[in-house]
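Heads up, the sequence shown is in full-length UniProt numbering, so the first residue is 1 and it goes up one at a time.
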Amino acid sequence: MGGGLARRGGSMQDRFGAELLDRFRACRGVADSWYSAERFAIGYRRSRGGSVSWAFLGTLYGECAGLAGDRRDELLARYVTRMTEPVAVPTRWAEAAPLLRPLLYGTAQGRWVPGAPRRPEAELLRRPALPLLDEVVVVDLPTTIGYVSTDLVASWGVSSSEVFATAAANLAAVPGDQAAGQPSGAPTLLRFVDDGSTYWVSRLLLDGWLAGFEERLGARPVAFAPDRDCLLVVADGPRLADAFDLVAAEFRGASRPVSPAGYTVDEAGRVVPYRPPLGHPAHHAAMRADRWLAAEAYDVQADLLRAHWPVAQQVSVASYLLAEPVDGAAPSVSTWRQDVPTLLPETDQVALVGADRRQSWLVRWADLVRAVAPLRVPGLAPPRYRVQQWPQGEQLRALLAGAVHQTDGAHG
Numbered sequence: 001m002g003g004g005l006a007r008r009g010g011s012m013q014d015r016f017g018a019e020l021l022d023r024f025r026a027c028r029g030v031a032d033s034w035y036s037a038e039r040f041a042i043g044y045r046r047s048r049g050g051s052v053s054w055a056f057l058g059t060l061y062g063e064c065a066g067l068a069g070d071r072r073d074e075l076l077a078r079y080v081t082r083m084t085e086p087v088a089v090p091t092r093w094a095e096a097a098p099l100l101r102p103l104l105y106g107t108a109q110g111r112w113v114p115g116a117p118r119r120p121e122a123e124l125l126r127r128p129a130l131p132l133l134d135e136v137v138v139v140d141l142p143t144t145i146g147y148v149s150t151d152l153v154a155s156w157g158v159s160s161s162e163v164f165a166t167a168a169a170n171l172a173a174v175p176g177d178q179a180a181g182q183p184s185g186a187p188t189l190l191r192f193v194d195d196g197s198t199y200w201v202s203r204l205l206l207d208g209w210l211a212g213f214e215e216r217l218g219a220r221p222v223a224f225a226p227d228r229d230c231l232l233v234v235a236d237g238p239r240l241a242d243a244f245d246l247v248a249a250e251f252r253g254a255s256r257p258v259s260p261a262g263y264t265v266d267e268a269g270r271v272v273p274y275r276p277p278l279g280h281p282a283h284h285a286a287m288r289a290d291r292w293l294a295a296e297a298y299d300v301q302a303d304l305l306r307a308h309w310p311v312a313q314q315v316s317v318a319s320y321l322l323a324e325p326v327d328g329a330a331p332s333v334s335t336w337r338q339d340v341p342t343l344l345p346e347t348d349q350v351a352l353v354g355a356d357r358r359q360s361w362l363v364r365w366a367d368l369v370r371a372v373a374p375l376r377v378p379g380l381a382p383p384r385y386r387v388q389q390w391p392q393g394e395q396l397r398a399l400l401a402g403a404v405h406q407t408d409g410a411h412g
């Protein structure tokens, strides 16, 4: 496959996206759809004002390479049908229970945001699992999965805790031996590729499963889930920074990305974020991956807010940005223009831009919180904070005096 085919957003991918968009728009079950070149995906809603679903095209694009005529047309038709047809989830608990599986799911995905219509039937059953990742429950069907909503749980007449426990027990009963991982590159890097039933990434949610790798690897295990269908497990050590580079490339090209960050186990065997200390060869790589995951989550949230937040609110939705690395570190930054009501993501630093855009100051998040006391917006995950006006007088002078960077000159 030539370089033009591989480039995200390249003209051949855009034409492929346009072709799929026509197919989505022709579906009766789709009320609204659009193509995102940046995500290489079709965004769509099944009802006006409903929640947004994404059909990522990367895997399908690869499967279509070399196909033509009826075979290609059938593949595309099956894909669109699978993505748009309502999933027939069992309505009785006795039938649904054996099919439940846990799934790691982005914190910002599938959430209600202020300004959007409430749709209880679409509100997922979820609970926090890891930073910026939730545990949700799906029904494992022959050709697809159906997400379990809070309404569905209520109709089953069982508690949320029973649903989560049943899903975990079902997964634990499915064969998933640590020895199944295939060495990839170095002998201490194991790759687990899902066959549609093993749910390797979800096994991070099972107590003690990741900890069980320590004996095989001879060191503390570190796991990565760049894609929903792929889990990497590697031994902690001085060469771990190389693993972050590999994971970054896979996460960037994933059709169903999960996280570029690493995860390990604590002394009790529980899965926790991998955050090596300053001085460890992988310290800066781990920090960048954490912030990259946050940037992805805030991007999803910002898209929803900008689409649904009432115009009358006249509020700016600030982006979560990653600064250029300095001495290996890449701090997160958001922007607040002087006296413009803004929803700020929680970043390491905030760029305060003057009303005339001729001056800006980069201040630490903690310093801004002390000076302004921003209000957290209820119901948003990851968190956002509403700010209205810059502080005045001595408070402002003290805040700007502590800036980590100041710029003079025009800003766009």
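Beta carbons: idealized from backbone N, C-alpha and C, even for Gly. Every value quoted in this text rests on a predicted model; they were computed, and no experiment measured them.
- DSSP places Gln389 outside both helix and strand once states are collapsed to three, so it counts as coil.
- Secondary structure note for Cys230: it is in no alpha helix (DSSP H), and the uninterrupted beta strand (DSSP E) holding it is Cys230 to Ala235.
- Taking a contact to require three or more Cβ pairs closer than 8 Å, the region 375 to 384 and the region 322 to 338 do not qualify as touching.
- Non-local beta-carbon contacts of Pro175 in its own chain, meaning distances under 8 Å to residues more than five positions away in sequence, involve Thr198 in chain order.
- The criterion of a C-beta distance shorter than 9 Å is satisfied by Ala285 and Phe244.
- The beta carbons of Glu123 and Thr143 sit no closer together than 9 Å.
- Secondary structure of Thr107 (DSSP, three-state): coil.
- Measuring C-alpha to C-alpha distances from Gln338 to each of Gly17, Glu63 and Ser316 identifies Ser316 as the nearest.
- Taking C-beta atoms under 8 Å as the contact rule, Tyr79 and Leu60 qualify, at a distance of about 5 Å.
- By DSSP's assignment, Pro221 forms a beta bridge with Ala235.
- Sequence-distant Cβ neighbours of Val163 in its own chain, meaning closer than 8 Å and more than five residues away, are Leu100, Leu125, Val137, Val148, Val153 and Trp156.
- Residues Leu352, Trp361, Val363 and Gln406 of the same chain have their beta carbon placed closer than 8 Å to that of Leu400, with the five preceding and five following residues left out of the count.
- Straight-line measurement puts the Cα of Thr335 at about 16 Å from the Cα of Asp408.
- Nearest to Trp200 by alpha-carbon distance, out of Gly218, Leu171, Ala219 and Arg216, is Leu171.
- Looking from the CA of Ser319, the closest CA among Thr342, Leu189 and Arg127 belongs to Thr342.
- DSSP places Val300 inside the alpha helix (DSSP H), whose first and last residues are His283 to His308.
- Of the residues Gly269, Leu278 and Arg288, the one whose Cα lies closest to the Cα of Gly262 is Arg288.
- Between Gln109 and Val333 the beta-carbon gap is near 24 Å, outside 8 Å, which marks them as no contact.
- Contact check for Ala403 against Pro345 fails: the beta carbons are separated by 9 Å or more.
- Of Glu95, Ala94, Thr188 and Leu206, the smallest CA-CA separation from Glu215 is found for Thr188.
- Across the structure, Gly69 and Trp209 are spaced so that their CA atoms are roughly 46 Å apart.
- Taking Asp32 as the centre and dropping the five residues before and after it, the same chain places the C-beta of Arg45 closer than 6 Å to its C-beta, in chain order.
- Taking Gly393 as reference, the option from Ala219, Val372, Val387 and Glu135 with the minimal CA-CA separation is Val372.
- Look at Glu162 here: in three-state DSSP terms it is helix.
- Distance from the CA of Gln389 to the CA of Met83, rounded to the nearest whole angstrom, comes to 45 Å.
- From the listed residues Leu21, Leu132, His280 and Gly218, the smallest Cα separation to Thr81 is found for Leu21.
- Rounded to the nearest whole angstrom, the C-alpha separation of Val158 and Ala168 is 16 Å.
- For Phe56, the enclosing beta strand (DSSP E) has its first and last residue at Ser53 to Phe56.
- Distance check between Leu205 and each of Arg270, Asp367, Gly58 and Phe251 places Arg270 closest, using alpha-carbon atoms only.
- Pairing Ile42 with Leu57, the inter-Cα distance amounts to about 8 Å.
- According to the DSSP assignment, Thr84 belongs to the alpha helix (DSSP H) that extends over Gly69 to Thr84.
- DSSP places Phe40 in the coil class of the three-state scheme, outside both helix and strand.
- In terms of Cα proximity to Arg28, the closest of Ala37, Val350, Leu75 and Pro86 is Pro86.
- Collapsing the DSSP output to three states places Val333 in a strand.
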